[in-house]
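Undergrad:
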Amino acid sequence: MKAAGVILAIVGALGLQTALGRFVSRGTVAVDLVLVVVLYVALTSGPVTGLLSGAAAGLVQDALSSGVIGIGGLAKTLVGFLTGIIGTQFIVAQPFPRFVVFFAGTVVHAIVFMGLYVLLELRQFGTPYGAVAGQAFGNAVVGVLAFQVVELLPGVLERRRGQRARIRR
Amino acid sequence: MAILDIRQRAGYLFVAVILGHVILISAQVNTRSGVPILEAVTFGVFAEVQRAASVGTSGIRRVWSGYIGLRHLQTDNEELKRQLADAQIELQRQRALADRTRGLERLLALRDQSKLMTMAAEIIAAGATPDFRTVTIDKGTRDGLRPDMAIIAPAGVVGRIVIPSVRAAKVQLLIDRNAAAGAIIERSRAQGVVVGGVDERLQMQKVSEAADIVTGDLVLTSGIEGIYPKGFIIGRIELVEKNGPSYKRIIVRPAVDFTSLEEVLVVLTPTPARAAAQGNSE
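What follows is the structure, given as structure tokens:
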């Protein structure tokens, strides 16, 4: 059941990324929704689920891109595993620590991803610091918001139901 | 059973998965020819998901618009607002229709002007990752599309087909870091290679020291790489930096606005180089 949820989330993120990507101004997508899902799953479910979801999501994303299949998968596997360990070893329950984890996770992902391409002499990235920082910030904001929505939504719905019940009485 | 429980052995699993990735990457890096089967199959399957997502988002937008419209029907007073809103929406729709017609007319004019056999295609999705600049179009091998066919727009060159599936195709945009095209300066006929770069710009490389290039020069395709037809607009020279007699950096601003592309033309006529290669292979 949980695995199905993770797969659905990854497919949904991929669909959303490809569907909305063309509407974003300047053509530069500042958020990697798939990476956000991997980090979220790793933080909530631990290192094993994190690395498996990272590997699956990264491989599919690689296959849909024109790059080498496996580089994105490896980067996301590593980030998913490390984030899962952080999630189990430390208390990451407040927005700021979560923001830091999402931000750092994106930076590590970019370092591994770009580093492998440069190491294999397949691509040059120039000076991508601004782009990486922008994407890390975007991912962190979306990730923290996702946590807030998932955690607060049931309470809000419950309160509304309660209010409606009182009004009926 | 405990031995089989992989959850108890996260470290081993992590090493195994990383090792699998390394083997996968190594296999691809060693064999650079052709498209990997996994890539083609996955893209073919996911192109259908992208198509469904495209239809889904349009449907949701329609449902949402309908909901907003219904709310305006509640009171008589708001009836007038609704009519005004309807009129404005209609006006926008007509304007959008007119824009689309103008766009199609431009495509048609380009098709006639270029005397190339082309096919109009609609962009249905963007790239799956921000690191690669690709888009998906709604035509595939069923429509006669092949890898390395050029994609153009009224403003200029867009890119090339990298992976066609049955009903869709992935297009590598010219601004992708891996993209390149033979280029020629219209004014001085200086030649070079235009490659994708950062920040939506292109870089012109392999330019001779004796070449005459100044800011504002029009850059056209030279057709030397056998993908893009000769003489199509790539962009204009935006910046020229020299280091002594040699060129240090030449930046080209693409003629095409890649953020507002909706329809493109696929060039079906093979370039002379590609036609010769096909002739040899046959």
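Quick mapping for you: the protein sequence lines, in order, are chains A and B. Heads up: the first sequence at position 10 corresponds to -6 in my numbering, and the numbers run straight through without jumps. Here my numbering = 1-based position in the second sequence + 239. Glycine included, C-beta positions come from ideal geometry on N, C-alpha and C.
Classify R399 of chain B: buried if its beta carbon has 16 or more other beta carbons within 10 angstroms, exposed otherwise.
TA: For the purposes of this step, residue 399 of chain B is identified with residue 160 of the second sequence, where counting begins at 1. Result: buried.
Undergrad: Taking Cβ-Cβ distances shorter than 8 Å, what residues in chain B pair up with L(-2) of chain A?
TA: If you number the first sequence from 1, residue -2 of chain A lands on position 14. Residues of chain B passing the Cβ test: F285, V288 and A367.
Undergrad: According to DSSP, is I362 of chain B part of a helix, a strand, or is it coil?
TA: What you label residue 362 of chain B is simply residue 123 of the second sequence in a count that begins at 1. Strand, per DSSP.
Undergrad: Is the beta carbon of A392 of chain B less than 8 Å from the beta carbon of V495 of chain B?
TA: Counting from one through the second sequence, the residue named residue 392 of chain B turns up at place 153. Counting from one through the second sequence, the residue named residue 495 of chain B turns up at place 256. Contact: yes.
Undergrad: Among B:A266, B:E361 and B:F253, whose alpha-carbon lies nearest the alpha-carbon of L500 of chain B?
TA: Start at 1 with the first residue of the second sequence, and residue 500 of chain B comes out as number 261. Answer by Cα proximity: B:E361.
Undergrad: Among residues of its own chain, excluding the 5 on either side of A419 of chain B, which ones have a beta-carbon nearer than 8 Å to its beta-carbon?
TA: Numbered from its first residue, the second sequence carries residue 419 of chain B at position 180. Correct list, in chain order: V432, V433, V434, G435 and E464.
Undergrad: Since G38 of chain A and I264 of chain B are thought to touch, with beta carbons under 8 Å apart, how far apart are those beta carbons, to the nearest angstrom?
TA: Indexing the first sequence from 1 puts residue 38 of chain A at position 54. Indexing the second sequence from 1 puts residue 264 of chain B at position 25. With a Cβ gap of about 15 Å, G38 of chain A and I264 of chain B do not count as contacting.
Undergrad: Cβ of K409 of chain B less than 8 Å from any chain A Cβ?
TA: Within the second sequence, the letter at position 170 stands for residue 409 of chain B. At least one chain A Cβ lies under 8 Å of K409 of chain B.
Undergrad: Please list, in chain order, the chain B residues whose beta carbon lies closer than 7 Å to that of Q45 of chain A.
TA: The count along the first sequence starts at 1 and reaches residue 45 of chain A at position 61. Per Cβ cutoff of 7 Å: A367 and T368.
Undergrad: G395 of chain B lies in the beta strand (DSSP E); which residues open and close that run?
TA: Along the second sequence, one-based indexing puts residue 395 of chain B at 156. Counting along the chain, the beta strand (DSSP E) containing G395 of chain B begins and ends at G395 to P403.
Undergrad: Mind pulling the chain A residues with CB within less than 8 Å of R416 of chain B?
TA: The residue given as residue 416 of chain B occupies position 177 in the second sequence. Here the neighbours are R107, Q108 and F109.
Undergrad: Report yes if the CB atom of V458 of chain B is closer than 8 Å to the CB atom of M443 of chain B, and no otherwise.
TA: Translated into the one-based positions of the second sequence, residue 458 of chain B becomes position 219. Translated into the one-based positions of the second sequence, residue 443 of chain B becomes position 204. Yes. Within cutoff.
Undergrad: For a cutoff of 8 Å on Cβ pairs, would you count Q73 of chain A as touching chain B?
TA: Numbered from its first residue, the first sequence carries residue 73 of chain A at position 89. The beta-carbon of Q73 of chain A is placed no less than 8 Å from the nearest beta-carbon of chain B.
Undergrad: Any idea which residues DSSP pairs G435 of chain B with across the strands?
TA: Counting from 1 along the second sequence, the entry for residue 435 of chain B is found at position 196. Looking at the DSSP assignment, G435 of chain B forms a beta bridge with B:L441.
Undergrad: In angstroms, rounded to a whole number, what distance separates the CA positions of V410 of chain B and T373 of chain B?
TA: Position 171 of the second sequence, counting from 1, holds the residue named residue 410 of chain B. Position 134 of the second sequence, counting from 1, holds the residue named residue 373 of chain B. C-alpha separation (whole angstroms): 5 Å.
Undergrad: Look up Q411 of chain B in the DSSP assignment and say whether it is helix, strand or coil.
TA: By one-based count along the second sequence, residue 411 of chain B stands at place 172. Strand at Q411 of chain B.
Undergrad: Indicate the three-state DSSP secondary structure (helix, strand or coil) for R416 of chain B in the structure shown.
TA: Taking the second sequence and counting its residues from 1, one reaches residue 416 of chain B at position 177. R416 of chain B: coil per DSSP, three-state reduction.
Undergrad: Please return the same chain residues whose Cβ sits closer than 8 Å to the Cβ of Q289 of chain B, not counting the five positions on each side in sequence.
TA: What you label residue 289 of chain B is simply residue 50 of the second sequence in a count that begins at 1. The residues are I363, A364, T375 and A407.
Undergrad: Evaluate S485 of chain B with the Cβ neighbour count: other Cβ atoms within 10 Å of its Cβ, from every protein chain shown; 16 or more gives buried, anything less gives exposed.
TA: To locate residue 485 of chain B, count along the second sequence from 1; it is residue 246. When all chains shown are included, S485 of chain B counts as exposed.
Undergrad: Is it buried or exposed, V503 of chain B, if we count other Cβ atoms within 10 angstroms and call 16 or more buried?
TA: Within the second sequence, residue 503 of chain B is the residue found at index 264, counting from 1. It counts as buried.
Undergrad: Examine chain A for any beta-carbon lying closer than 8 Å to the beta-carbon of L466 of chain B, and answer yes or no.
TA: In the second sequence, the residue the question calls residue 466 of chain B occupies position 227. Reading the sequence as shown, one finds Ile at residue 466 of chain B and not Leu. It does not: the Cβ of I466 of chain B has no partner Cβ on chain A nearer than 8 Å.
Undergrad: By alpha-carbon positions, which one of A:L0, A:V21 and A:K60 ends up nearest to A291 of chain B?
TA: On the second sequence, residue 291 of chain B is found 52 positions in, with the first residue counted as 1. Ranking A:L0, A:V21 and A:K60 by Cα distance to A291 of chain B puts A:L0 first.
Undergrad: Checking 8 Å against the spacing of the C-beta atoms, do A412 of chain B and F497 of chain B come in under that value?
TA: Numbered from its first residue, the second sequence carries residue 412 of chain B at position 173. Numbered from its first residue, the second sequence carries residue 497 of chain B at position 258. Residue 412 of chain B is actually Leu in this sequence, not Ala. Taking 8 Å as the Cβ cut-off, L412 of chain B and F497 of chain B qualify as a contacting pair.
Undergrad: Using the C-alpha atoms, what's the distance from V396 of chain B back to R248 of chain B?
TA: If you number the second sequence from 1, residue 248 of chain B lands on position 9. If you number the second sequence from 1, residue 396 of chain B lands on position 157. Looking at the two C-alpha atoms, the distance is approximately 52 Å.
Undergrad: Closer than 6 Å by C-beta to A(-7) of chain A: which residues in its own chain qualify, once you throw out the five before and the five after it? Chain order, please.
TA: As a position in the first sequence, residue -7 of chain A is number 9, starting the count at 1. The answer, listed in chain order, is V21.
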